[in-house]
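Trainee: Provided herewith is a single structure, encoded as structure tokens, for subsequent inquiry.
In my numbering, the protein residues as written are 230 to 370.
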């Protein structure tokens, strides 16, 4: 487990670059944290570092958003907050996304515990006493 702390949104470009290097070949990232913890904000910063020019926003109602990098590579952003069961994720072909070798940023992954790939980076985001963020990172698989 590795821990990172930041107190300002101005630090996010650096944090995003660090996470990309740390993740290395881990393309599926699970983002855990309470509502408002900053999961989508972190995904936005990572996508910017990856060269995504599209508007990055929470896919709460669509379940998945696809963004293209400047190199034409796809990044997928999932939000499973509103699904009722894993069948909804299976029906949308979640396993194909995970097997695509594209970045997959998954919010509310606890809703699909049996569908997670063997290899992923887990990022838990927590608020600190000064309204900063504490990121706990762990690689699985």
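Note that CB positions come from ideal geometry on N, CA and C, so glycine has one too.
Across the region 332 to 340 and the region 305 to 313, are there enough close Cβ pairs to call them in contact, namely three or more that are closer than 8 Å?
Mentor: Judged by Cβ distances under 8 Å, the region 332 to 340 makes contact with the region 305 to 313, as three or more pairs qualify.
Trainee: For the region 350 to 362 against the region 283 to 293, do three or more pairs of beta-carbon atoms, one drawn from each stretch, fall closer than 8 Å, so that the two count as touching?
Mentor: Judged by Cβ distances under 8 Å, the region 350 to 362 makes no contact with the region 283 to 293, as fewer than three pairs qualify.
Trainee: Taking the alpha carbon of residue 312 as the point to measure from, which residue in 337, 239, 302, 255 has its own alpha carbon closest?
Mentor: The residue you call residue 312 lines up with position 83 of the chain shown. Checking every option, the nearest Cα to that of residue 312 belongs to 337.
Trainee: Measure the C-alpha to C-alpha separation of residue 314 and residue 353 and round it to an integer number of angstroms.
Mentor: Taking the chain shown and counting its residues from 1, the one referred to as residue 314 is at position 85. Taking the chain shown and counting its residues from 1, the one referred to as residue 353 is at position 124. Cα to Cα, residue 314 sits roughly 22 Å from residue 353.
Trainee: Please specify which runs of the alpha helix (DSSP H), each continuous and at least 4 residues long, are wholly inside the region 266 to 344, giving them in chain order.
Mentor: Within the region 266 to 344, the complete alpha helix (DSSP H) runs of at least 4 residues are 268 to 278, 315 to 320, 323 to 327.
Trainee: Any idea if residue 256 is buried or exposed, counting beta-carbon neighbours within 10 angstroms, 16 or more meaning buried?
Mentor: The count along the chain shown starts at 1 and reaches residue 256 at position 27. So residue 256 counts as buried.
Trainee: With H, G and I counted as helix, E and B as strand and the rest as coil, what does DSSP make of residue 239?
Mentor: Looking up residue 239 in the chain shown gives position 10. Here residue 239 sits in helix by DSSP.
Trainee: Quick check: what's the CA-CA separation for residue 224 versus residue 258?
Mentor: It is not possible to answer for residue 224, since the shown part of the chain is limited to 230 through 370.
Trainee: Would you mind working out which of 365, 323, 364 sits nearest residue 346, comparing C-alpha positions?
Mentor: Position 117 of the chain shown holds residue 346. Among 365, 323, 364, the Cα nearest to that of residue 346 belongs to 323.
Trainee: Using the beta-carbon count (16 or more within 10 Å), is residue 242 buried or exposed?
Mentor: Along the chain shown, one-based indexing puts residue 242 at 13. Burial call: exposed.
Trainee: Just to confirm the assignment, what range does the beta strand (DSSP E) spanning residue 365 have?
Mentor: By 1-based counting over the chain shown, the position of residue 365 is 136. From DSSP, the beta strand (DSSP E) with residue 365 extends over 362 to 369.
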